[in-house]
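One structure is given below, encoded as structure tokens.
There are 2 protein chains.
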Amino acid sequence: MNDPLLDLPGYALRRAAGAMMAEFSRRLEPLGLRYADVSALLLIGANPTLTASQLGRMLDIQRANMVPLLGRLTDAGLITRRPLDGKSHGLHLTAAGEAKLAEARRVIEQFESWLIAKIPAAHRDHLKPALDALWRD
Amino acid sequence: MNDPLLDLPGYALRRAAGAMMAEFSRRLEPLGLRYADVSALLLIGANPTLTASQLGRMLDIQRANMVPLLGRLTDAGLITRRPLDGKSHGLHLTAAGEAKLAEARRVIEQFESWLIAKIPAAHRDHLKPALDALWRD
DNA sequence: TATTGTTATACTCTATAACTATA
DNA sequence: TATAGTTATAGAGTATAACAATA
């Protein structure tokens, strides 16, 4: 079977990302979290009083789509919202949120190690800078 | 603003893939194609008499989800289906499909060159093998 | 028995427009 | 005027179960 897609870096990028995110989601399932939830928890934990809009900009998620995400985390008792002024609300981890984030950090650490280990040593240190050039520049 | 996500290769992979697929989709828009359409056209063009199930396995798309995709390509007059036996159908490009694929190939070529050019030269040759290790092994 | 093509369905993710209230 | 938070909605992508017909 002839597969011309296998020569294309762009296609490899999409398939690799899909495979890795599927694996990451599988590892997060026991925690009852999706990967968007984890990235939000990480940023809220690292930046107390972050607002929903700021968080959305950092994650490149539309304001409107933050609503169900933050609602989910709030319903799960992982975050609270405290008014900063009349229109903004600061996001904060609850004790349960801190605990869940600690669990998530362990999953992340193991997942990232596993991901890196899959890459042949000769190419390993080049992946992160190459990827960063594709989305941060 | 503190962003611990920026240290994670897995996060960079997801964001890079998202950014690149968004750009690729933008470039395909004038052709009236999505990237799944293009990958299907490429594989059908390279493998006459490929069946829908075989194509789905190569693209890692469920059989059921091939139906709307191939229906779209058929409605656009880009492919035809000819019975191979009582239950399988071989997929073939029409003349319009060949022409559209030729256009798509030019878009792909320019896009892939642009993508590669974004990567610092020192890391450039390492990206494809690193990505392949993540989804093909 | 396994596979092909298909229908139906549901869930996730993403994008846009519009509204209210506040800065 | 611009921004924050929200609602509603629609489009994609993806996953599962089930079915009839055929290998």
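These protein sequence lines are chains Y and G, in that order. To convert a position in the first sequence, counted from 1, into this note's numbering, add 1119. To convert a position in the second sequence, counted from 1, into this note's numbering, add 1119. Note that beta-carbon positions come from the ideal geometry of N, C-alpha and C, so glycine has one too.
query = Would a check of beta-carbon distances place residue 1307 (chain G) closer than 8 angstroms to chain Y?
reply = Coverage of chain G is limited to positions 1120 through 1256, which leaves residue 1307 (chain G) absent and any answer about it impossible.
inquiry  = If you reduce the DSSP assignment to three classes, tell me which class residue 1216 (chain G) lands in.
reply    = Residue numbering aside, residue 1216 (chain G) sits at position 97 when the second sequence is read from its first letter. Secondary structure of residue 1216 (chain G) (DSSP, three-state): helix.
inquiry  = Excluding the 5 residues flanking residue 1140 (chain Y) on each side, which residues of the same chain have their C-beta closer than 8 angstroms to its C-beta?
reply    = Mapped onto the first sequence, residue 1140 (chain Y) falls at position 21. Only 1154 meet the Cβ criterion.
query = Would you report the Cα separation of residue 1166 (chain Y) and residue 1214 (chain Y), rounded to the nearest angstrom?
reply = Residue 1166 (chain Y) sits at position 47 when you count from the first residue of the first sequence. Residue 1214 (chain Y) sits at position 95 when you count from the first residue of the first sequence. The straight-line gap from Cα to Cα measures roughly 16 angstroms.
task = Work out the CA separation of residue 1182 (chain Y) and residue 1121 (chain Y) for me, nearest whole Å.
result = Residue mapping note: residue 1121 (chain Y) aligns to position 2 of the first sequence, counting from 1. Residue mapping note: residue 1182 (chain Y) aligns to position 63 of the first sequence, counting from 1. When rounded, the distance between both Cα atoms is 44 angstroms.
request  = Name, going along the chain, the residues of the segment 1202-1213 of chain Y whose beta-carbon falls closer than 8 angstroms to a beta-carbon of chain G.
outcome  = Going along the segment 1202-1213 of chain Y in chain order, one finds no residue with a Cβ nearer than 8 angstroms to chain G.
inquiry  = Residues in the same chain with beta-carbon distance under 8 angstroms from residue 1170 (chain Y), minus the five sequence neighbours each way, listed in chain order, please.
reply    = Sequence index remark: in the first sequence, residue 1170 (chain Y) carries index 51 (1-based). Within the same chain, 1203, 1207, 1208, 1209 and 1210 come within 8 angstroms of residue 1170 (chain Y) by CB-CB distance, once the 5 residues on both sides are set aside.
ask   = What did DSSP end up calling residue 1128 (chain Y) once you bin it into helix, strand or coil?
value = Looking up residue 1128 (chain Y) in the first sequence gives position 9. Three-state DSSP puts residue 1128 (chain Y) in a helix.
message = Check whether the segment 1228-1244 of chain Y and the segment 1187-1194 of chain Y are in contact - that is, three or more C-beta pairs closer than 8 angstroms.
response = Three or more Cβ pairs closer than 8 angstroms define a contact, and the segment 1228-1244 of chain Y falls short of that threshold against the segment 1187-1194 of chain Y.
request  = State the Cα-Cα distance for the pair residue 1201 (chain Y) and residue 1136 (chain G), rounded to the nearest angstrom.
outcome  = By one-based count along the first sequence, residue 1201 (chain Y) stands at place 82. By one-based count along the second sequence, residue 1136 (chain G) stands at place 17. Residue 1201 (chain Y) and residue 1136 (chain G): Cα-Cα distance of roughly 35 angstroms.
key: Neighbour list for residue 1158 (chain Y) in chain G, Cβ cutoff strictly below 8 angstroms   = Locating residue 1158 (chain Y) in the first sequence gives position 39, where the first residue counts as 1. Neighbours of residue 1158 (chain Y) across chain G, judged by C-beta separation under 8 angstroms: 1124 and 1130.
query = Tell me which same chain residues have a C-beta within less than 7 angstroms of the C-beta of residue 1225 (chain Y), skipping the five on either side of it?
reply = On the first sequence, position 106 is the one that residue 1225 (chain Y) refers to. Excluding five sequence positions before and after residue 1225 (chain Y), none of the CB atoms of its chain fall closer than 7 angstroms to its own CB.
query = Whose CA, out of Y:1238, Y:1237, Y:1227 and Y:1240, lies closest to the CA of residue 1123 (chain G)?
reply = As a first step, residue 1123 (chain G) must be located in the second sequence, where it is residue number 4. Distance from the Cα of residue 1123 (chain G) is smallest, within the candidate group Y:1238, Y:1237, Y:1227 and Y:1240, for Y:1227.
ask   = From G:1126, G:1162, G:1247 and G:1156, pick the residue whose C-alpha is nearest to that of residue 1161 (chain Y); which is it?
value = As a working mapping, residue 1161 (chain Y) is identified with position 42 in the first sequence. The alpha carbon of residue 1161 (chain Y) has as its nearest neighbour, out of G:1126, G:1162, G:1247 and G:1156, the alpha carbon of G:1126.
key: Extent of the continuous alpha helix (DSSP H) to which residue 1187 (chain G) belongs   = The sequence position of residue 1187 (chain G) within the second sequence is 68, counting from 1. That run of the alpha helix (DSSP H) goes 1182-1194.
task = Kindly indicate if chain G contains any beta-carbon less than 8 angstroms away from that of residue 1134 (chain Y).
result = Within the first sequence, the letter at position 15 stands for residue 1134 (chain Y). Yes, its Cβ sits closer than 8 angstroms to a Cβ of chain G.
query = With respect to the alpha helix (DSSP H) encompassing residue 1149 (chain G), which residues constitute its N-terminal and C-terminal limits?
reply = If you number the second sequence from 1, residue 1149 (chain G) lands on position 30. From DSSP, residue 1149 (chain G) is part of no alpha helix (DSSP H); its letter is neither H nor E.
message = If contacts are defined as beta-carbon pairs under 8 angstroms, then residue 1131 (chain Y) and residue 1250 (chain G) qualify, I think. What distance do you get, rounded to the angstrom?
response = Counted from its first residue, the first sequence places residue 1131 (chain Y) at position 12. Counted from its first residue, the second sequence places residue 1250 (chain G) at position 131. The Cβ separation is near 4 angstroms, so the contact holds.
query = What did DSSP end up calling residue 1209 (chain Y) once you bin it into helix, strand or coil?
reply = Within the first sequence, the letter at position 90 stands for residue 1209 (chain Y). The answer is strand: DSSP assigns residue 1209 (chain Y) an E or B state.
query = Are the CB atoms of residue 1212 (chain G) and residue 1164 (chain G) nearer to each other than 8 angstroms?
reply = By 1-based counting over the second sequence, the position of residue 1212 (chain G) is 93. By 1-based counting over the second sequence, the position of residue 1164 (chain G) is 45. Their beta carbons are under 8 angstroms apart, which means residue 1212 (chain G) touches residue 1164 (chain G) by this criterion.
key: Spatial neighbours of residue 1222 (chain Y) in its chain, beta-carbon cut-off 7 angstroms, leaving aside the 5 residues before and after   = As a working mapping, residue 1222 (chain Y) is identified with position 103 in the first sequence. The answer, listed in chain order, is 1150.
key: Neighbourhood of residue 1229 (chain G) by C-beta distance below 8 angstroms, restricted to the same chain and skipping five residues each side   = Taking the second sequence and counting its residues from 1, the one referred to as residue 1229 (chain G) is at position 110. Excluding positions up to five away in sequence, the list reads 1146.
query = Any Cβ of chain G within less than 8 angstroms of the Cβ of residue 1218 (chain Y)?
reply = Residue numbering aside, residue 1218 (chain Y) sits at position 99 when the first sequence is read from its first letter. Using a Cβ-Cβ cut-off of 8 angstroms, residue 1218 (chain Y) does not count as an interface residue toward chain G, since no Cβ of chain G sits closer than that to its own.
message = Within 10 Å of its beta-carbon, does residue 1158 (chain Y) have 16 or more other beta-carbons around it, so buried, or fewer, so exposed?
response = Taking the first sequence and counting its residues from 1, one reaches residue 1158 (chain Y) at position 39. It counts as buried.
ask   = Which stretch, first to last residue, makes up the beta strand (DSSP E) that contains residue 1202 (chain G)?
value = Counting from 1 along the second sequence, the entry for residue 1202 (chain G) is found at position 83. 1198-1202 is the extent of the beta strand (DSSP E) around residue 1202 (chain G).
query = Taking the alpha carbon of residue 1254 (chain Y) as the point to measure from, which residue in Y:1178, Y:1148 and Y:1184 has its own alpha carbon closest?
reply = Taking the first residue of the first sequence as 1, we reach residue 1254 (chain Y) at position 135. Proximity to residue 1254 (chain Y) across Y:1178, Y:1148 and Y:1184 peaks at Y:1178, based on C-alpha coordinates.
ask   = Any C-beta of chain Y sitting closer than 8 angstroms to the C-beta of residue 1177 (chain G)?
value = Here residue 1177 (chain G) refers to the residue found at position 58 when the second sequence is read from its first residue. Yes, residue 1177 (chain G) counts as interfacial toward chain Y.
Nearest to residue 1248 (chain G) (by Cα), restricted to the options Y:1238, Y:1187 and Y:1173 = As a working note, residue 1248 (chain G) is residue 129 in the second sequence. Among Y:1238, Y:1187 and Y:1173, the Cα nearest to that of residue 1248 (chain G) is on Y:1238.
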